[in-house]
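Undergrad: Below: one structure in structure tokens.
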Amino acid sequence: MEKLKFAVLGTGFWAQFQVGAWGEIPEVELVALYNRTRSKAQALAERFQVSNIYNDATELFAKERLDFVDIITDVDTHFKFVEMAADAGIKHIICQKPMAPDWETAKRMVEKCRQKGASLYIHENFRWQAPLRRFKEIMDSGIIGRPFKARVSFLSNFPVFDNQPFLKELPHFILTDMGSHVLDICRYLFGEASKLWCQTRTMNPGIQGEDVAVVMMEMANGMPLYTEMSYASMVEHDMFSTVNVLVEGEKGTIALGPGNSFEIRTTTTRGTSLEKVEFPSYGWADPNYIVNHESGIHVNRDILNAMIQKGKAETTGEDNLETVRLVWASYESAKRGEMIYLKNFG
Ligand code: 89Y
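Numbering (my numbering), first residue to last: 151 to 496.
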């Protein structure tokens, strides 16, 4: 099979990990990099041996023959570059999470790609973390019976702004940045929600947006699901950059954690069994983010399979719109101090 040729738009902090993850997939070839500051594209190109670099995206689309693009620019520019790619006739467009800076733009993005006949995929990788995949397998085996209540947590004090200073300036922070992941994991594990209530707080005085959020959901099957996320929490077991999960079922419980130990404990009448989930490390990955970076390979592979018609990707634009809906319904709930019925939101 001929390799699929692609370009990456945006060479900021996150791009090195996504490019590294693509490097683990032999069926694709990165032919071009774009960044508005050319020297940054140049540096990444040298590190990963990419031949063509651009600081003008129009020129890139005019000159390169591409099977797909991977857009890793700032969230405010996602729509602009997705639109450019769709107008240039690119048939497969991958966009980093969060899809857009607001709910209306996210809907427009999905619609734009639909009109142009382009497939849109969102690089939503947390649901592909190895411990979460294993967790779902155990839960779906039926060992704890029907789940009746659950909790998904992300509590951390990791100095996230050191590597990604722009996060400090976001008017909406933790629900868009981490909530996109946490709420998507909730959908992956438990399906869709019917209503939610949210409260947010800003504990760090040096940032614009909120760094603490609690979202209480009722799932379509009636199950209560408590989610919490915080970058202001000094806890014994820091959860960066994964989540901890507790599911209670009629016949037992399954717990993932504590922190990033990647341990799954399953408790039934027969006692508690412990499984530690193992996964490989890579030279291009940052050890502080390892489970997160490793999962990038799996989301890329899933999207590639869809591109070569070997399946349907999990994180299509349409699918991810449901995660974006939860994020913005949460802000609406926090603003109004009211429960949001999701069928009325959007
Ligand atoms: O979005 C998050 C992720 O995927 O890892 C880093 C991050 O931006 C920080 O919260």
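For each residue, glycine too, the CB sits at the ideal point set by N, CA and C. As the structure is a prediction and not an experimental result, all values here were calculated from the model.
Closest by CA to Phe186, which one among Ser201, Glu209, Arg197 and Leu180?
TA: What sits at residue 186 in the sequence shown is Arg, not Phe. Among Ser201, Glu209, Arg197 and Leu180, the Cα nearest to that of Arg186 belongs to Glu209.
Undergrad: May I ask you to report which of helix, strand or coil DSSP gives His331?
TA: Three-state result, His331: helix.
Undergrad: Can you have a look at Pro321 and say buried or exposed, based on whether 16 or more other CB atoms are within 10 angstroms of its CB?
TA: Pro321 is exposed by the Cβ-count criterion.
Undergrad: So does the stretch 328 to 347 actually touch the stretch 365 to 379, counting three or more Cβ pairs closer than 8 Å?
TA: Yes, the stretch 328 to 347 is in contact with the stretch 365 to 379.
Undergrad: Is it right to say Ala236 is buried, meaning 16 or more other beta carbons lie within 10 angstroms of its own, or is it exposed?
TA: Flag for Ala236 reads buried.
Undergrad: Tell me the DSSP secondary structure of Trp278 in three-state form.
TA: Trp278: helix per DSSP, three-state reduction.
Undergrad: Quick check: the Cα distance between Tyr381 and Ala300, rounded to an integer number of angstroms?
TA: When rounded, the distance between both Cα atoms is 21 Å.
Undergrad: With the cut-off set at 7 Å, would you say Leu510 and Asp217 are in Cβ contact?
TA: Only positions 151 to 496 of the chain appear in the structure, and residue 510 is not among them; the question remains open.
Undergrad: According to DSSP, is Asn205 part of a helix, a strand, or is it coil?
TA: Correct three-state label for Asn205: coil.
Undergrad: What does the Cβ neighbour count give for Ala212, buried or exposed, with the cut at 16 atoms within 10 Å?
TA: It counts as exposed.
Undergrad: Less than 6 Å between the CB of Asp327 and some heavy atom of the ligand 89Y, yes or no?
TA: Under cutoff, so the answer is yes.
Undergrad: In the DSSP output, what is Asn394 paired with across the bridge?
TA: Asn394 is bridged to Ser303.
Undergrad: Excluding the 5 residues preceding and the 5 following Arg296 in the sequence, name in chain order all residues of the same chain whose CB lies nearer than 7 Å to its CB.
TA: Taken in chain order, the residues that qualify are Gly399 and Glu400.
Undergrad: Starting from the N-terminal side, write out each stretch of the beta strand (DSSP E) that is 3 residues or longer and does not extend beyond the stretch 217 to 246.
TA: Correct list: 218 to 221 and 242 to 246.
Undergrad: Specify the secondary structure class of Met489 as computed by DSSP and reduced to three states.
TA: It is coil, neither helix nor strand.
Undergrad: So what does DSSP say about Glu378, is it helix, strand or coil?
TA: In the structure shown, Glu378 sits in a strand (DSSP, three-state: E or B).
Undergrad: Can the beta-carbon of Lys230 be found closer than 7 Å to that of Ala268?
TA: Contact flag unset, no.
Undergrad: Any heavy atom of the ligand 89Y within a distance shorter than 6 Å of the CB on Ser383?
TA: No, the Cβ of Ser383 stays beyond 6 Å of every heavy atom of the ligand 89Y.
Undergrad: Report yes if the C-beta distance between Ala280 and Val449 is below 7 Å; otherwise report no.
TA: No; because the gap between Cβ atoms is not below 7 Å, this pair is not in contact.
Undergrad: When DSSP labels each residue in this structure, what does His443 get in the three-state scheme?
TA: Residue state, collapsed to three classes: helix.
Undergrad: Using only CA atoms, which one of Ile294, Trp172, Asp327 and Leu454 lies nearest to Thr403?
TA: The shortest Cα separation from Thr403 among Ile294, Trp172, Asp327 and Leu454 belongs to Ile294.
Undergrad: What I want to know is whether the C-beta of Val477 ends up closer than 6 Å to one or more non-hydrogen atoms of the ligand 89Y.
TA: Every heavy atom of the ligand 89Y is 6 Å or more from the Cβ of Val477, so no.
Undergrad: Rounded to whole angstroms, what's the CA-CA distance from Gly484 to Arg351? Just pull it up for me.
TA: The sequence given here places Ala at residue 484; Gly does not occur at that position. Looking at the two C-alpha atoms, the distance is approximately 9 Å.
Undergrad: Note the first and the last residue of the continuous alpha helix (DSSP H) segment covering Thr419.
TA: It is not in any alpha helix (DSSP H) - Thr419 carries neither H nor E in the DSSP assignment.
Undergrad: Measuring CB atoms only, is the stretch 388 to 398 touching the stretch 439 to 448, in the sense that at least three cross pairs come out at less than 8 Å?
TA: Touching, per the Cβ criterion.
Undergrad: Quick one: is Ser248 buried, meaning 16 or more other Cβ sit within 10 Å of its Cβ, or exposed?
TA: A small correction: the amino acid at residue 248 is Pro; Ser does not occupy that position in the sequence shown. Counting Cβ neighbours within 10 Å, Pro248 comes out buried, since at least 16 surround it.
Undergrad: Run through the DSSP bridge pairs and tell me what Ser269 is partnered with.
TA: DSSP, once it has assigned bridges, lists His242 as partnering Ser269.
Undergrad: Hey, quick one: how far does the alpha helix (DSSP H) through Leu95 stretch, first residue to last?
TA: Nothing can be reported for residue 95: it is not among the residues displayed for the chain, which extend from 151 to 496.
Undergrad: Leu154 by DSSP, collapsed to three states: which one?
TA: Looking at Leu154 - three-state DSSP - the assignment turns out to be strand.
Undergrad: For Pro315, does the three-state DSSP call read helix, strand or coil?
TA: It is helical.
Undergrad: Per DSSP, which one or two residues make a beta bridge with Ile404?
TA: DSSP, once it has assigned bridges, lists Val397 and Thr416 as partnering Ile404.
Undergrad: Tell me the rounded alpha-carbon separation between Ser445 and Asn455.
TA: So the alpha carbons of these two residues sit roughly 16 Å apart.
Undergrad: At what residue ranges does the stretch 336 to 373 contain a whole run of the beta strand (DSSP E), taking only runs of 3 or more?
TA: 343 to 351 and 362 to 369, all fully within the stretch 336 to 373.
Undergrad: Alpha carbon to alpha carbon, what distance is there between Gln358 and Gly341?
TA: Taking the straight line joining both Cα atoms gives about 32 Å.
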